[in-house]
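Trainee: Below is the structure I would like to discuss, written out as structure tokens.
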Amino acid sequence: MQTGKLWRMKFSSLLQYLTPHRRILLAILSLLLISSLVSLANPWIAGQLTKSMTGGESYFPDLNIMLLAWLALIAVKSILTFATQTCRVGNVFCPPF
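Residue numbers (this note's numbering): 27 to 123.
This is the structure we're talking about:
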């Protein structure tokens, strides 16, 4: 019973520090979630490329479109990584809410 009370006390003291920065914290968590989803798309496109090279049915009708989609995915991932790291450091990119 004491362990539960101690845990609640520690969690409430943590919330006191996080509450003023909740918007920045939510922005960072959102960027990390989107970045993770984009990272999951990378192996999917690689699988589609492998399917098209081995003669299987691919989602993309043309190899050039597939490579452009992969390039766009890499660009989005780079931008998200930059934005997440910039928000963590606290530079001007992440607006002070």
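Where a beta carbon is used, it is the ideal one built from N, C-alpha and C, also for glycine.
#1: For a quick check, are the C-beta atoms of ALA101 and ILE71 less than 9 angstroms apart?
#2: In three-state terms, what does DSSP make of PRO87?
#3: Which one of GLU83, GLN111, SER65 and LEU58 has the shortest CA to CA distance from MET97?
#4: Quick one: grab the DSSP three-state call for GLY82.
#5: What's the gap between the Cα of LEU52 and the Cα of SER78?
Mentor: In short:
#1: Walking along the sequence shown from the start, residue 101 turns up at place 75. Walking along the sequence shown from the start, residue 71 turns up at place 45. Result no, Cβ atoms of ALA101 and ILE71 do not sit closer than 9 angstroms.
#2: The residue given as residue 87 occupies position 61 in the sequence shown. Looking at PRO87 - three-state DSSP - the assignment turns out to be coil, as it is neither helix nor strand.
#3: If you number the sequence shown from 1, residue 97 lands on position 71. For clarity, residue 97 is Leu in the given sequence; the question names Met instead. Here the closest residue by C-alpha is SER65.
#4: Counting from 1 along the sequence shown, the entry for residue 82 is found at position 56. DSSP places GLY82 in coil when its eight states are reduced to three.
#5: The count along the sequence shown starts at 1 and reaches residue 52 at position 26. The count along the sequence shown starts at 1 and reaches residue 78 at position 52. Roughly 39 angstroms between the two C-alpha positions.
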